[in-house]
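Undergrad: Every position in the sequence shown, counted from 1, becomes a number in our numbering once 86 is added.
The beta-carbon is built from N, C-alpha and C at its ideal position, and this holds for glycine as well.
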Amino acid sequence: MSRIMAVDYGDVRTGVALSDLTGSLAGQAQTLTLQGKALLTQLVALAQDNDVSEVVVGLPRNMDGSHGARAQLCQEFAQKLRNRGLQVVLRDERLTTVSAIGILNQHNVRGKERKGKIDAVAATLILQDYLDFRNNSVTPI
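1) Can you grab the Cα-Cα spacing for the pair M149 / E179, in whole Å?
2) Specify the secondary structure class of I227 as computed by DSSP and reduced to three states.
3) I want to know whether the region 187-202 touches the region 155-167 - three or more CB-CB distances under 8 Å.
4) Give the single residue among Q116, A92, V98, T100 whose Cα lies nearest to the Cα of G109.
5) Spatial neighbours of L120 within its chain, please: C-beta separation below 7 Å, excluding the five flanking residues on both sides.
6) Which stretch, first to last residue, makes up the beta strand (DSSP E) that contains V141?
7) Which whole-angstrom value describes the C-beta separation of G144 and D94, a residue pair presumed to lie in contact below a C-beta threshold of 8 Å?
8) Given a cut-off of 8 Å, decide if V102 and L118 are closer than it, judged by their beta-carbon atoms.
9) Checking 8 Å against the spacing of the C-beta atoms, do R89 and D137 come in under that value?
10) Alpha carbon to alpha carbon, how far is E140 from H193?
See the structure below:
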């Protein structure tokens, strides 16, 4: 079995989440503060170390569904991961940061602590959304 990894790509911080081995639940998550080639290298290493079969990159669409400048950056980032040999899927991530803030607020996580966790929580939400979609789209034999 292999895992699926989600990436909430950011300029300063990037959230990363890994699924369980069954591909049913989002699990372990972290925030990386690397940029450029160092970030790509770390993500490829994480994918290899965790037997990741697929990487889901969050695609920040505008509320009307259109793509803005941030979406273009994420598409370019996804292509860089593909160029490094990873299988990449883009997934709409509208409102994941808002949802992540809400979750952290419910747990009374604020200030610097929240800033360090918000991207990891957003990556977890992106991953779980994708896993739910993927697992509900498969027709049983």
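TA: Concretely, from the data shown:
1) Their backbone Cα atoms lie some 10 Å apart in a straight line.
2) Summary for I227: the model assigns pLDDT 49, below 50, so the residue's position carries little reliability; its value from the coordinates is reported in the next sentence. In the structure shown, I227 sits in coil (DSSP, three-state: anything other than H, G, I, E or B).
3) Because the criterion of three Cβ pairs below 8 Å is not met, the region 187-202 and the region 155-167 do not touch.
4) Nearest option by C-alpha distance: A92.
5) Excluding the 5 residues flanking it on each side, L120 has same chain C-beta neighbours closer than 7 Å at Q128, in chain order.
6) Taken as a continuous stretch (DSSP letters only), the beta strand (DSSP E) holding V141 covers 138-145.
7) Confirmed, about 5 Å.
8) For L118 and V102, yes; Cβs fall inside 8 Å.
9) With respect to the 8 Å criterion, R89 and D137 are classified as neighbours on the basis of their beta carbons.
10) So the two alpha carbons sit approximately 31 Å from each other.
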